[in-house]
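Participant: For reference, the structure I am asking about is given below.
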Amino acid sequence: MQYKVLHKGHGTFHPTVDSNCECHYRGTLIDGTEFDSSYKRGRPATFAPQQVIKGWTEAMQLMVEGDKWELYIPAELAYGNAQRGQFITPGSVLLFELEILTILGNKIPKKSEL
Numbered sequence: 034m035q036y037k038v039l040h041k042g043h044g045t046f047h048p049t050v051d052s053n054c055e056c057h058y059r060g061t062l063i064d065g066t067e068f069d070s071s072y073k074r075g076r077p078a079t080f081a082p083q084q085v086i087k088g089w090t091e092a093m094q095l096m097v098e099g100d101k102w103e104l105y106i107p108a109e110l111a112y113g114n115a116q117r118g119q120f121i122t123p124g125s126v127l128l129f130e131l132e133i134l135t136i137l138g139n140k141i142p143k144k145s146e147l
């Protein structure tokens, strides 16, 4: 997985793997086809890092409240060789814009930056 920080958040804690987080996100394929968006629905989604694809599980535990990242997730950290819905075909690399608005569950102190 690769990521780019679009906006550095104000938070001082990371979520634990089982902490519910209120997030906004937008998912696209490499060609720009959008397959999901909480922004379009007009309300954030709530889930814990362990409840989503492996790429999100890894990224969310590195993020703090207010962070907005662009994630590049290879198939093996997404849906692998499975078909998911109309747009995600086997082996698809997924791009996400992910923003953690609020950590609702347990938190751990922010790791120092190098």
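Okay, so the sequence shown: first residue is 34 according to the working numbering, each after it adds one.
Every residue, glycine too, gets a C-beta built ideally from N, C-alpha and C.
Here the structure is a predicted model, which means the values were calculated and not measured.
Near R59, what residues of its chain come up, given a Cβ to Cβ distance below 6 Å and the 5 sequence neighbours on each side ignored?
Facilitator: Indexing the sequence shown from 1 puts residue 59 at position 26. Contacts found: S70, Y72 and E130.
Participant: I'd like to know if the stretch 105-123 and the stretch 39-57 are in contact, where contact means that at least 3 CB-CB pairs between them fall below 8 Å.
Facilitator: No, because fewer than three Cβ pairs between the stretch 105-123 and the stretch 39-57 fall closer than 8 Å, the two stretches do not touch.
Participant: Under 7 Å, do E55 and L128 count as touching if we go by C-beta distance?
Facilitator: Along the sequence shown, one-based indexing puts residue 55 at 22. Along the sequence shown, one-based indexing puts residue 128 at 95. The answer is no: Cβ separation not under 7 Å.
Participant: Out of M96, T49 and A81, point me to the one whose CA is closest to K37's CA.
Facilitator: Reading the sequence shown from its first residue, position 4 is the one you call residue 37. Of the candidates M96, T49 and A81, the one whose C-alpha sits nearest the C-alpha of K37 is M96.
Participant: Which one of H57, A115 and E132 has the shortest CA to CA distance from G75?
Facilitator: The count along the sequence shown starts at 1 and reaches residue 75 at position 42. G75 has its Cα closest to that of H57, out of H57, A115 and E132.
Participant: Pull up the distance between the alpha-carbon of K143 and that of T49, whole angstroms please.
Facilitator: One-based indexing of the sequence shown puts residue 143 at position 110. One-based indexing of the sequence shown puts residue 49 at position 16. K143 and T49: Cα-Cα distance of roughly 11 Å.
Participant: Can you give me the Cβ contacts of I141 inside the same chain, cut-off strictly under 7 Å, excluding the 5 residues immediately before and after it?
Facilitator: Numbered from its first residue, the sequence shown carries residue 141 at position 108. Once the five neighbours on either side are set aside, the close Cβ partners of I141 are F46, H47 and T49.
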